[in-house]
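Please read the structure below before turning to the comments.
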Amino acid sequence: MQVTIEYFIAFKRIEFKFVHTIRRFLAMVISSITFNLNGQRIELSEGEFNPSQTLAEFLRSDSIHLVGTKIACGEGGCGACTVVMSTKNKNGNIIHRAVNSCLILMIQIHLTTITTIEFLGNLRDGVSAIHDSFVKHHATQCGYCTPGFIMAAYAAFLNFNIHILGDDSDQKKKSENKENIEFDIEDTHQLDGNLCRCTGYRSIISALREFSNPENVSDESISFDETKLRKYNLNERIPVVPDYFDQLKDETVKINYKNSTFFIPSNTEELFRIKSECVDNDRYSKIIVGSTEISIDLSNKPIQSGQVYISTLHIEELSHVSIQQENNENYLFFGSNTPLNYILSFLKSKKDEFFNKTKELNRFANQLIQRIEQFCSNQIRNLASVVGNIAHGGAATDMSNFLLAMKALLVIKDVKSNETYIKEMNNDFYLSYRKTSLKNSEIITAIKVALPKENEFVSTFKQGRRREDDICIVSSTIFARINETSKIVDIRIAYSGMAAVPCRATDTEQFLIGKTFDLSNLHDSFAQINQQFVLNEETPGGLPQFRYDIAKGFILRFFHQTQRDRNLPFDQSAAEMIDSPPKKKFEIRGCNCKKEKENNKTSTSTNNTNTAGESESNSADKENDLKDGVRSEVGYPRHHLSAAQQTTGEAVYVDDMMVPQNTLHAAIVRSSIPHGRIISVDYSQALSISGVIAKIDKNDVIGPNFNGDIFTGEHVFADDEVHFVGQVIALIVAKDPRIAKEAAKLVKIEYEELPAVLSINQSIERRSFYPYNNQIKDGDVSQLQSLPLTKNKTSPNVTKDGEKIHVIEGETFINGQSHFYFETCSALVEYHEDDNLTVFTVTQNPSMVQNDISRLTGIPASKINVVIKRIGGAFGGKETRPAVVFNTTAIASFKLKRPVKTVLDRHEDMSTQGQRHPVLTKYKVGFDDTGKIDSIILDYYLDCGFSLDMSAGVSDRLLLHADSAYKIKNFLARGHLCRTNMITSTAFRGFGTPQAIVSMETIIKNISIYLGKTPEEIQFVNLYRVQQIIFQMHLLLLDQLVLILMEKLLKMHVSN
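Quick note: the sequence shown uses full-length UniProt numbering, first residue 1, plus one each step.
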């Protein structure tokens, strides 16, 4: 029988009173942590918990089972795991912070109050106005991200004192102790750590803007449609930090776990003592502040034996920020524990008082604010520190280059010599990737950044795949002192992402110092960048030319920004940040379901009638659409049936289910090479781990060892060969999911590596194709095939009919894309008597689940019950690919005759489950002087990966949309399915259509460049016209709104 959280908490409360009394009497270092969880006190002693376990894992464990908190990415990148952490600051005020529970370690929640989505309400006892607003505005779809959004917003409302009342008429009432609150959920960057793959965000923003400042919205436009949800006043449920925490904050915590030790020092004196003991005993120690880096490391590899971890998150002496003046120099001074958001708030609060005194200070503050806001998400900024970022030593960290360019001063305490001294941040700080020059005895206690003086200018730049993410492609900080004669007195250019470690471009700096600050000299300096930073296709992260271009572009942008601030001519497009246009007054329409129904009652009574008194619509339509004068629900907005459960966290997904008591947990063993023959597999070390039950591999498959009911050829478990990195070789089954994952990493596999095809170009070179070719054609392209290419628009080909035809050819490439559905693939298979199986899994294809498992186990399909309650996002990625999980799990359950559960983490899911097809398009196109396309030949090469999966269907769909919206007289498109040693490509939203349209639009653009016209002009002359035949479907086009719109847009363009 599962232990409920109520029994668990009651027991711990009694234990706390007894142990705390003894502890205070003995005045010793304690070996337990204490925290509040949803208003309930919990104490966990050494041996009762894993201090390196994440808070999200603890919350979702069977003993606690607060599964409204989701795990999606596991790296703090999506916000699905957001909870609120409440603590007291040194002034006794309670601070509420939205944090990523997938990153917070259990050792860090000591003396905090943790609030999860369950605290905010449920359908039985009542929900808050936030839940109600999400339902009303249709702000949920798959629902997996919804609790995270609500908790992020809840933390913001708490900190901005926004009242969240149960009475709709007073929803936006301001706090009585704050006047003129300026609050906007977007402008304050409160949701930049939350992602949604379904809704497109508009409905979520609409739901939360109901609680914005009244000046930002129109009351009349908000629809308070009745959702029939019982509501209560959420302001009656404010997280509190209990006073008894004050009795414990002066005690140091020491937890031993698996030959490693975790400390929570109560102050800096204790920190120095613990660190000194580690040095004396030759034990390596790591300091944890926000754990936004270390937590990910711990999840990917086991804890090192003998390692010491020291959590300093709550040491108040190390958390501070101020402006200091020394020897006529102003410094930004902050402690090593200071969260990024604290520095951000300080900079904004001091703008009028200090930073607006000079243009140089104002620019510095604005640039650092921009750097911190773009550095990472709000949840990360609430905990992460600058010191943690630089000490981790990553290559692509944003704050490192800022400190390098500013020659920041590191205040260091050496616990061995007991000295405190200053080190300047320079190129010697980083020795190699993730290795710094800091000694084991050194602790950075604070950082000092000299503020710019007259004629000193600072800019920060970043290019990343996602703006609010620490991992950049390239980021940079540039500092320069330019005198009145435009001479460069000093310049410092620091980059992240251009080498194995962040570093300054010293060669470029030396070249520029003493020269005139102008574009000519800056362009001349670019050769030094190419010389100092050696990048190629093998460089981690790739994109060498792109990174070179970005690095040089940052220098040019710095020039124009500086010229602007020196009141000299500049290019505004290079100097200014390209951002969203200013917001107009935002009208929230909400969900007008009831209103629309009422309108329909009126509209149906006023329909035109014929002479017989009947509506002009036919009687069948009337019978189907109308009932008692009200139109049917088809085509009208309805609230999601599970919307309310999704908002409260009560919607149950596979990984949320309470499992049977004897359930085992499985972890996959994956291949580490793209192509090779398996020589041997050694499971001995994995099977020797306590708690490991069995290994499952190809020898346990009764039927044919293949996945899928579309095309066979993909093994359930690898047979004699592996064909891509990530292919499943075996399962390790254990009593605990963490044990299973750790054991799976201990399996030793010996390979004989074989040649691998790793790209479309290699596939073409080696003729590595699947035997499936298809084409679609209209007209005759033989003339185009024989025509030579034309060099420019003044020398076209002249056909035998006297037509002038320009001919160009080229290639376009669209890369693959991970589905990134929030709920990773998982399965729970329960074994019952007489070989009956119940399969809970995530799939868009339940029949495939039943058929596959029946074939693999020999069990009749009638004995296999497949249950799919809901799916946390799919986008095509769960049509065929979850077979990797549900088939292997079913085989394990069938063999062991016990329930078995497998849940892939994000890395496992992305390495096994498939992607959108990368497509290389080769084209040859002929067109006249107007850009009208006469003939085109398209060859599409699809990277199908190691198995065919659904590639044939994707190829066919791609060909059907190859002409996009354009009528082309002579047309030929061919599909080629490339067989590579990459992850298989599979169904994805659009199913080949996006690749076809992007390819055609690229061709349109290239024609426009060739002719010196705009792309819109080329689009317009080629659009399908009314009464033309769409040849693929043999359909007559009766209407063409795009043509009308394009015509109007072109006229507007000409008039402007």
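Every residue, glycine too, gets a C-beta built ideally from N, C-alpha and C.
For Ile678, the closest alpha carbon among the candidates Cys142, Ile444, Glu908, Gln727 is that of Gln727.
Inter-segment contact for the segment 849-860 and the segment 782-798 is absent: fewer than three beta-carbon pairs are separated by less than 8 angstroms. Under DSSP, the beta-bridge partners assigned to Met85 are Arg97, Ile114.
Residue Asn426 holds the alpha-carbon nearest to the alpha-carbon of Leu403 among Leu1043, Asn426, Gly388. Annotation: Gly143 to Leu234 spans about 21 angstroms, alpha carbon to alpha carbon. Val240 sits exposed, since fewer than 16 C-beta atoms from the chains shown fall within 10 Å of its C-beta.
In this structure, the beta-carbon distance from Lys698 to Asn705 falls below 9 angstroms.
Here DSSP, grouped into helix, strand and coil, assigns Gln1019 to helix. Bridge partners of Gly676 according to DSSP: Val722, Glu753. With contact defined as three or more Cβ pairs closer than 8 angstroms, the segment 984-998 and the segment 814-830 are in contact. For Phe457, the uninterrupted beta strand (DSSP E) segment begins and ends at 456-463. Distance between Ile287 and Lys745, taken at the CA atoms: about 26 angstroms. For Leu66, same chain residues with a beta-carbon under 6 angstroms away, outside a window of 5 residues either side, are Leu59, Thr116, Glu118 in chain order.
The beta carbon of Val849 sits closer than 7 angstroms to those of Val839, Thr841, Thr843, Val866, Phe886, all from its chain and outside the five residues before and after it, given in chain order. The beta carbons of Pro846 and Ile868 sit about 5 angstroms from each other, so the pair counts as a contact at 8 angstroms.
Measuring C-alpha to C-alpha distances from Leu105 to each of His639, Phe49, Phe334 identifies Phe49 as the nearest.
Cys198 has its alpha-carbon roughly 36 angstroms from the corresponding atom of Ile936. Just measuring C-alpha positions, the residue of Leu920, Ile1044, Ala575 sitting nearest Tyr941 is Leu920. The residue among Thr902, Thr460, Glu442 with its C-alpha nearest the C-alpha of Leu410 is Glu442. For the pair of segments examined, the segment 662-677 was found to touch the segment 730-747: the number of CB pairs separated by less than 8 angstroms reaches three. Here the alpha carbons of Pro265 and Ile274 stand approximately 8 angstroms from one another. Asn981 places its beta carbon less than 9 angstroms from that of Ala756.
Nearest to Ile933 by alpha-carbon distance, out of Ile555, Lys439, Asn1022, is Asn1022. The segment 308-321 makes no contact with the segment 418-436, as fewer than three CB pairs between them are under 8 angstroms.
Runs of the alpha helix (DSSP H) spanning 4 or more residues and lying entirely within the segment 939-995 occur at 951-960, in chain order. The closest CA to that of Gly76, considering only Gln1032, His96, Asp470, is found on Asp470.
Taking 8 angstroms as the upper bound for CB-CB distance, Asn774 and Asp943 are not in contact here, some 17 angstroms apart. When only Cα atoms are considered, His675 and Glu456 end up about 55 angstroms apart. In the same chain as Lys777, and ignoring 5 residues on each side of it, the C-beta atoms closer than 7 angstroms to its own belong to Phe971, Leu972, in chain order. Partner residues in the beta bridge of Tyr430, as assigned by DSSP, are Thr436. Under the three-state reduction of DSSP, Thr912 is assigned to helix. Rounded to the nearest angstrom, the gap between the Cα atoms of Glu809 and Asn389 is 47 angstroms. Spanning the alpha carbons of Phe511 and Ser336 requires a straight line of approximately 35 angstroms.
Checking the DSSP bridge columns, you'll see Glu811 partnered with Lys922. Non-local C-beta neighbours of Gln1019 in its own chain, meaning closer than 7 angstroms and more than five positions away in sequence, comprise Ile1004, Met1046, ordered along the chain. The criterion of a C-beta distance shorter than 9 angstroms is not satisfied by Ala365 and Ser475.
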